[in-house]
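Trainee: Just add 193 to wherever you are in the sequence shown, counting from 1, and you've got the working numbering. Even glycine gets a Cβ: it sits at the ideal position worked out from N, Cα and C. What you are looking at is a predicted structure, and each value in this text was computed from that prediction instead of being measured.
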Amino acid sequence: MPGDQQQGFERRREEYHRVLIEEFKENFEVTGTEAYTIQPGDTLWVLAREYELPIWVITRYNPVLRSGPPRAGESIRIPRIRTRDA
Numbered sequence: 194m195p196g197d198q199q200q201g202f203e204r205r206r207e208e209y210h211r212v213l214i215e216e217f218k219e220n221f222e223v224t225g226t227e228a229y230t231i232q233p234g235d236t237l238w239v240l241a242r243e244y245e246l247p248i249w250v251i252t253r254y255n256p257v258l259r260s261g262p263p264r265a266g267e268s269i270r271i272p273r274i275r276t277r278d279a
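1) What do you get for LEU240, buried or exposed, if any count of 16 or more other CB atoms within 10 angstroms of its CB means buried?
2) Taking the alpha helix (DSSP H) that THR252 belongs to, which residues open and close that run?
3) Less than 8 Å between the CB atoms is what I'm expecting for TYR273 and THR224, so what's the real figure, rounded?
4) With a threshold of 7 Å on Cβ separation, who are the neighbours of GLN232 within its own chain once the five nearest residues in sequence on each side are excluded?
5) Alpha carbons only, please: which of ARG270, LEU246, PRO195 and GLU243 is nearest the one belonging to PRO256?
6) Starting from GLY156 and walking both ways along the alpha helix (DSSP H), at which residues does that stretch end?
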């Protein structure tokens, strides 16, 4: 991909993610976290589905998960969220 196209793509990607984060913050609030020990077979996708959270929320509270998949026995924090009152 030529440099200009790459830069345009990156700008659009960053804007898309910025909007997702803003919309999440407008609609939900984090009320705390709970400890969770990674089990064999756990993936970010599995955890996100189980806890009904976007993957980026889980990785924001657990930066170690940005560098590789979760490892069995590893302790992480799972954010608890609730819908904001309208």
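Mentor: Taking the geometry as given:
1) buried
2) 248-254
3) Checking the sequence, you will find Arg at residue 273 rather than Tyr. That belief holds up - the Cβ atoms of ARG273 and THR224 are roughly 5 Å apart, short of 8 Å.
4) ALA265
5) ARG270
6) Given a span of 194 to 279 for the chain in the structure shown, any question on residue 156 remains unanswerable.
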